[in-house]
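Enquirer:
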Amino acid sequence: MCDTARLASGSLRENLISVMTGFMFAAPAAGLYIFSAVRQWLTLRGERPANRGLVLSAAMIASLLHLGYIGTDMLMGETINFAFFEVGSLICWVISLLLIFSSWRKPVDNLFIGLYPMAAVILLLAAASNQHVPLANVSYGLAWHILLAILAYSVFTIAAVQAVLLYLQDRSLKRHQTRGLLQSLPPLQTMDLLLFEMIWLGMMLLSAAFVIGWPFVVDLQQQHLQHKVVLSLIGWAVFAVLLIGRYRYGWRGTVASRWTLAGTGLLVLSYFGSQFVLQILLQRY
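Under the UniProt record's numbering, the sequence shown has 29 at position 29, and the numbering climbs by one with no breaks.
1. Would you identify the three-state DSSP class for CYS2, choosing helix, strand or coil?
2. Between the stretch 108-123 and the stretch 166-180, can you find at least three pairs of beta-carbon atoms closer than 8 Å?
3. Which residues in the same chain have their Cβ closer than 7 Å to the Cβ of LEU42, if we skip the five residues on either side of it in sequence?
4. Whole angstroms is fine: what's the gap from ASP3's alpha carbon to CYS92's?
5. If ALA152 and GLY202 are in contact, beta carbons under 8 Å, what's the gap, nearest whole angstrom?
6. In angstroms with no decimal places, state the Cα-to-Cα distance between LEU7 and ALA143.
7. Is it true that the stretch 128-142 meets the stretch 227-238, where meeting means three or more beta-carbon pairs spaced less than 8 Å apart?
8. Around the Cβ of ASN110, are there at least 16 other Cβ atoms within 10 angstroms (buried) or fewer (exposed)?
9. How should ILE244 be labelled, buried or exposed, when 16 other C-beta atoms within 10 angstroms of its C-beta is the threshold for buried?
10. Alpha carbon to alpha carbon, how far is ASN130 from TYR69?
11. Does the distance from the C-beta atom of GLN162 to that of LEU194 stay below 8 Å?
12. Measure the alpha-carbon distance for ALA30 versus GLY53 and round it to whole angstroms.
13. Under 8 Å Cβ to Cβ from SER96, same chain only, skipping five residues before and after it: list those, please.
14. When you compare each of ARG246, PHE112, VAL229 and PHE23 to LEU269 by their alpha carbons, which one comes out closest?
15. Could you check if GLY71 is buried or exposed, using at least 16 other CB atoms within 10 Å of its CB as the buried criterion?
16. Measure from the alpha carbon of PRO134 to the alpha carbon of each residue in PRO187, PHE23, TYR247 and MET74, then state which is nearest.
17. For the alpha helix (DSSP H) containing ILE158, name the first residue and the last one.
18. Closest to ARG39 by C-alpha separation, out of VAL55, PHE25, ALA27 and PRO28, would be which residue?
19. Report, in whole angstroms, the separation of the C-beta atoms of residue 287 and ALA160, which I expect to be a contact under 8 Å.
20. With the cut-off set at 8 Å, would you say LEU98 and PHE112 are in Cβ contact?
21. In this structure, how does DSSP classify ASN110 when only helix, strand and coil are distinguished?
22. For THR157, count neighbouring Cβ atoms within 10 angstroms of its own Cβ and tell me buried if that reaches 16, exposed if not.
23. Measuring straight from C-alpha to C-alpha, what distance separates SER57 and ARG248?
24. Identify, in the order they occur along the chain, each residue of the same chain with its Cβ nearer than 6 Å to the Cβ of ARG105, setting aside the five sequence neighbours on each side.
25. Are there 16 or more other CB atoms within 10 angstroms of the CB of THR190, so buried, or fewer, so exposed?
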């Protein structure tokens with residue numbers, strides 16, 4: 001009895017130390033993500049002068065701290081912690097890096113407003129959850145599938161926020177509202193081209209992930225992959241139709257935004273919907 005209590009106490013202490021260590025990285029990273037988003041929002045509203053150096057510096061430090069969290073909490077010796085919020089945190093970190101590097105050549109600064117608060121919330125949830133779903137014995141091919149899938153999800157998430165901004169900009173122009181948001185955004189054509197660049201990149205990454213990952217599918221039901229595969233394929237088809245519509249009929253603006261949000265929503269549901277049910281609701285790892 002005493003040994004059981006001692007083991008339980010030791011396990012609780014280890015979990016507490018793990019959570020505290022995670023928060024040492026997650027809390028300041030989340031704070032800097034929020035700072036970058038708020039500072040960019042104030043610039044967008046015209047309440048503060050633009051200061052890209054400050055915003056990007058805060059975002060870069062946040063990304064480094066976020067990487068520190070991933071290194072201490074997600075990498076578990078010879079295994080990888082693939083818990084629900086940990087995967088979300090990893091995708092948010094990739095999104096952060098893509099935004100930082102893209103901002104040097106593309107007008108993506110305003111995407112910080114929607115994406116960095118999301119990264120902050122998911123990072124804090126990951127640090128607080130202390131959930132462990134070890135992924136061991138990952139083969140070279142499966143590792144490439146996971147990497148490409150994470151990159152694809154990250155690009156499509158960025159594209160979804162870009163689609164929201166494009167939708168708001170297009171609607172404002174149609175209503176002849178040329179103040180506020182429109183004054184700080186790039187021209188509509190630039191926003192539209194940027195969205196489709198993201199979609200093309202996301203489609204190439206997702207297609208490659210499908211091709212590499214398919215040989216590892218043995219039994220859809222036993223591997224709990226039915227919903228993931230079906231929704232992913234439908235999401236891929238939505239983006240394929242959008243690209244065909246762009247080429248054949250010149251789809252853009254509101255139409256492109258709606259298709260982008262629909263496709264991204266399906267992709268998010270394909271993984272996180274099924275994993276939420278399995279890991280959070282049913283506690284099946």
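Idealized CB from N, CA, C, for every residue including glycine.
Being a predicted model, the structure only gives us computed values, none of them experimental.
Expert: Reading it off the structure:
1. Taking the sequence shown and counting its residues from 1, the one referred to as residue 2 is at position 2. Note that CYS2 scores 49 on pLDDT, short of 50, meaning its location in the model is unreliable; the coordinates nonetheless yield the value given after this. Helix.
2. no
3. Mapped onto the sequence shown, residue 42 falls at position 42. Answer for LEU42: ARG48, listed in chain order.
4. Your numbering for residue 3 matches position 3 in the sequence shown. Your numbering for residue 92 matches position 92 in the sequence shown. Reliability of the predicted coordinates at ASP3 is poor, the pLDDT of 49 falling under 50, and the value obtained from them is presented with this limitation in mind. Taking the straight line joining both Cα atoms gives about 41 Å.
5. Taking the sequence shown and counting its residues from 1, the one referred to as residue 152 is at position 152. Taking the sequence shown and counting its residues from 1, the one referred to as residue 202 is at position 202. Yes, they are in contact, since the Cβ atoms of ALA152 and GLY202 sit about 5 Å apart, within 8 Å.
6. Here the question's residue 7 lines up with position 7 in the sequence shown. Here the question's residue 143 lines up with position 143 in the sequence shown. With a pLDDT of 43 at LEU7, under the threshold of 50, the modelled position of this residue cannot be trusted, and the question is left open.
7. no
8. Numbered from its first residue, the sequence shown carries residue 110 at position 110. When all chains shown are included, ASN110 counts as buried.
9. Here the question's residue 244 lines up with position 244 in the sequence shown. Classification for ILE244: exposed.
10. Counted from its first residue, the sequence shown places residue 130 at position 130. Counted from its first residue, the sequence shown places residue 69 at position 69. The straight-line gap from Cα to Cα measures roughly 12 Å.
11. As a first step, residue 162 must be located in the sequence shown, where it is residue number 162. As a first step, residue 194 must be located in the sequence shown, where it is residue number 194. The answer is yes: Cβ separation under 8 Å.
12. Here the question's residue 30 lines up with position 30 in the sequence shown. Here the question's residue 53 lines up with position 53 in the sequence shown. Their backbone Cα atoms lie some 19 Å apart in a straight line.
13. Position 96 of the sequence shown, counting from 1, holds the residue named residue 96. So the list reads TYR33, ALA59, ALA62, SER63, HIS66, LEU115, TYR116 and ALA119, once near-sequence residues are dropped.
14. Here residue 269 is taken as the residue at index 269 of the sequence shown, counted from 1. Residue VAL229 is the option with its Cα nearest to LEU269.
15. Position 71 of the sequence shown holds residue 71. With fewer than 16 other Cβ atoms within 10 Å, it is exposed.
16. Translated into the one-based positions of the sequence shown, residue 134 becomes position 134. Among PRO187, PHE23, TYR247 and MET74, the Cα nearest to that of PRO134 belongs to MET74.
17. For the purposes of this step, residue 158 is taken as the residue at position 158 of the sequence shown. Residues 140-174.
18. Indexing the sequence shown from 1 puts residue 39 at position 39. Minimum Cα distance to ARG39 is reached at VAL55.
19. Only positions 1 to 285 of the chain appear in the structure, and residue 287 is not among them; the question remains open.
20. Along the sequence shown, one-based indexing puts residue 98 at 98. Along the sequence shown, one-based indexing puts residue 112 at 112. For LEU98 and PHE112, no; Cβs fall outside 8 Å.
21. To locate residue 110, count along the sequence shown from 1; it is residue 110. In the structure shown, ASN110 sits in a helix (DSSP, three-state: H, G or I).
22. For this step, residue 157 is matched to residue 157 along the sequence shown. Flag for THR157 reads buried.
23. Here the question's residue 57 lines up with position 57 in the sequence shown. Here the question's residue 248 lines up with position 248 in the sequence shown. Roughly 42 Å between the two C-alpha positions.
24. Residue 105 sits at position 105 when you count from the first residue of the sequence shown. Excluding positions up to five away in sequence, the list is empty.
25. Position 190 of the sequence shown, counted from the start, is the residue given in the question as residue 190. Per the 10 Å Cβ criterion, exposed.
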